[in-house]
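Student:
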Amino acid sequence: SGSVIDRQSTENLRNKDNQHYLHPWEDIGSFGENQRTVAVGGKGIYLYDSEGNRLIDGPGGMWCTQIGYGRKEMAEVIARQIMRTPYYSPFNLTNDVSAVLAEKLAQMTPGDLNTVFFTTGGSTAVDSALRFVSFYNNCKGRPEKKKIISRQDAYHGSTYLSASASGKTRDKNFQDTAADIISFIGSPNPFRRPVGMSEEEFRDAKVKELEDRILELGPANVAAFIAEPILASGGVVIPPAGYHKMCLDICRKYDVLYISDEVVTGFGRLGHWFASEKVFDIVPDIITCAKGMTSGYQPLGACIVSDNLIAEISGNTGKGTIFSNGYTYSGHPVACAAALKNIEIMEQEKILEHVRETEPYFLQKVKELEDIPIVGNVRGQGLMACVECLLDPDKQSSLALDYEMGGRIDKKCQAMGLIVRPIINMNVMSPPLIITREQIDEMVQILRR
Ligand code: PLP
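When you line the sequence shown up against the working numbering, it's residues 113 to 561, in that order.
1) Please confirm whether residue 400 and residue 387 have their CB atoms less than 8 Å apart.
2) Please list the terminal residues of the continuous alpha helix (DSSP H) segment that includes residue 477.
3) In angstroms, rounded to a whole number, what distance separates the CA positions of residue 325 and residue 560?
4) Which one or two residues does DSSP pair with residue 158 in a beta bridge?
5) Mark residue 115 as exposed unless 16 or more other C-beta atoms lie within 10 angstroms of its C-beta, in which case mark it buried.
6) Any heavy atom of the ligand PLP closer than 7 Å to the CB of residue 340?
7) Flag this pair as touching only if the stretch 289 to 303 and the stretch 348 to 359 have three or more C-beta atom pairs under 8 Å; answer yes or no.
8) Does the distance between the C-beta of residue 538 and the nearest non-hydrogen atom of the ligand PLP fall short of 7 Å?
9) Quick check: does the Cβ of residue 376 come within less than 7 Å of any heavy atom belonging to the ligand PLP?
10) For chain D, check one thing: does any of its Cβ atoms lie closer than 8 Å to the Cβ of residue 553?
11) Can you name, in chain order, every residue of its own chain whose Cβ lies under 6 Å from the Cβ of residue 562, other than the five neighbours on each side?
12) For residue 402, report the span of its beta strand (DSSP E) as first-last.
13) With the cut-off set at 8 Å, would you say residue 267 and residue 345 are in Cβ contact?
14) Expressed to the nearest angstrom, what Euclidean distance is found between the alpha-carbon atoms of residue 556 and residue 498?
15) Do residue 170 and residue 530 have their C-beta atoms closer together than 8 Å?
16) Closer than 7 Å: is that where the CB of residue 270 sits relative to any heavy atom of the ligand PLP?
17) So, using beta-carbon positions, are residue 249 and residue 259 closer together than 8 Å?
18) Residue ranges of each alpha helix (DSSP H) run of no fewer than 4 residues wholly in the stretch 265 to 310, ordered along the chain?
19) Cutting at 7 Å between CB atoms, please list the residues of its own chain near residue 383, excluding the five before and the five after it.
20) Mind checking whether the beta-carbon of residue 355 lies closer than 7 Å to any heavy atom of the ligand PLP?
21) Quick one: grab the DSSP three-state call for residue 500.
22) Where DSSP assigns a beta bridge to residue 230, which residues make up the other side?
23) In this structure, how does DSSP classify residue 442 when only helix, strand and coil are distinguished?
24) Check for me: the beta strand (DSSP E) holding residue 493 runs from which residue to which?
25) Using three-state DSSP, classify residue 509 as helix, strand or coil.
26) List, from N- to C-terminal side, the alpha helix (DSSP H) runs of 4 residues or more that fit wholly inside the stretch 184 to 209.
27) Answer with buried or exposed for residue 535, where buried requires no fewer than 16 other C-beta atoms within 10 angstroms of its C-beta.
28) Between residue 309 and the ligand PLP, is the CB less than 7 Å from at least one heavy atom?
29) Exposed or buried, residue 178, counting other C-beta atoms within 10 Å across all chains shown (16 or more means buried)?
30) What does the Cβ neighbour count give for residue 211, buried or exposed, with the cut at 16 atoms within 10 Å?
31) Is the stretch 353 to 362 touching the stretch 280 to 297 in the sense that three or more CB pairs, one from each, lie closer than 8 Å?
32) Report back the beta-carbon spacing between residue 235 and residue 269 to the nearest angstrom; my notes put them in contact at under 8 Å.
33) Please state whether the Cβ-Cβ distance between residue 335 and residue 307 is less than 8 Å.
34) For residue 289, which option in 343, 272, 140, 125 has the closest C-alpha, if you only look at C-alpha atoms?
35) Only counting the same chain, and skipping five residues up and downstream in sequence, which positions put a Cβ closer than 8 Å to that of residue 314?
Here you go:
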């Protein structure tokens, strides 16, 4: 009830979807043949489909439904904001809610990251961060300092620039990218380290790769290093202890900026508002965030820049030096109101504390799945985890993959009441942060079956 559309049969909805809706990462070879589950409702950690099935939302939508579905307080705040000011241009006016949210974010971020540029989501947050870095170096009179170092397995978004900084080989097969400015180093995935190498040796080798690349490109040409604290859709890749801190030290040594892409790890996924400082002991120059900021109730992102960078260029340039980057919907008041309410709910319900308390139980339960023969590795941190399946787990060195395996597992799990996002041979979980221990048991039991 209360929907903008009348109730329709699943078949009817699937037909419309198949004929007219090009989905993200659509396999064009089978366009129009998909039998997608049709979401029509949600409550707490559960999603309801058009056939009346209740599904545990294992991936948290797309790493974002922190406070869960069906929150009346969110609906009320969003409706009220629409009646107050649904929109006004952010170019020459501001609005009350986005000003309050900007200050709130400045208080939540580490160090002197106090300047907030609002975007429409994560891709545009990363795009804006990369454009800001380019602008910064132009303002500093060093237009040659433009190369960005990123990592294999990274995902930073779907604008031309953020997609160019993403490092998944398969995604590049059919797309052009700004390959001239982005350079990739290896993913710090301890599970894929050479046989016989310790985690410390592996970490040192990966950090050395960063330093070697900066030297190879020439420090005068390298503008920034961009990294997710945990490579999320690359398969929840948790780097060896100390990796980020050592990478930051290398960046500092060569005057290279560090962009921490917290689109997934921000807003409680690892038990803190932001993971960079609290979990990985780094204060980067720029943080990008989105997703959990509104728990998915509205689209919103932000690129948050350190005072130091702003001071360096504002002191150096005269009036008329314009950061020509922005969106009609930057600082959208309805999205900002949703973010403020979402943050308030997370504070009142002590959701960060809940994540920190629940983390050991969640990780212990998912880790138990490693006793299943096809499971090669289970890894996780906070409330995010990945189950990586292998065709032949005894032959770790061959790491044979079945590219359809994750999809098959998700399909079977959905039939039993659980969505687990498939990525090639992996399935990732990042449930709503309000998940209870009983619900974790339910989720893991279905996955085990
Ligand atoms: N950065 C990271 C780390 C992500 O995981 C994602 C999306 O999954 C993005 C950026 C892009 O965000 P969005 O899909 O909101 O544009």
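Backbone N, C-alpha and C define an ideal beta-carbon position, used for all residues, glycine too.
Tutor: The structure says:
1) For the pair residue 400 and residue 387, the CB atoms are not nearer than the 8 Å cut-off.
2) First-last of the alpha helix (DSSP H) with residue 477: 463 to 479.
3) Answer to the nearest angstrom: the Cα atoms are 42 Å apart.
4) 155, 168
5) exposed
6) yes
7) The stretch 289 to 303 vs the stretch 348 to 359: in contact.
8) Checking the Cβ of residue 538 against the ligand PLP gives no.
9) yes
10) Structure shown: chain D not included; a single protein chain is present.
11) One cannot answer for residue 562 here, as it falls past the ends of the chain, which runs 113 to 561.
12) Taken as a continuous stretch (DSSP letters only), residue 402 belongs to no beta strand (DSSP E), as it is neither H nor E.
13) A contact, by the Cβ cut-off of 8 Å.
14) 12 Å
15) Yes; because the gap between Cβ atoms is below 8 Å, this pair is in contact.
16) yes
17) no
18) 272 to 276
19) 464, 467, 468, 471, 494
20) no
21) Strand.
22) 414
23) coil
24) 487 to 493 is the span of the beta strand (DSSP E), which, as asked, contains residue 493.
25) Here residue 509 scores only 43 on pLDDT, less than 50, and its place in the model should not be relied on; the value that follows carries that caveat. Three-state DSSP puts residue 509 in coil, outside helix and strand.
26) 184 to 196
27) buried
28) no
29) buried
30) exposed
31) At 8 Å Cβ cutoff, the stretches do not touch.
32) 3 Å
33) no
34) 272
35) 300, 302, 305, 306, 352
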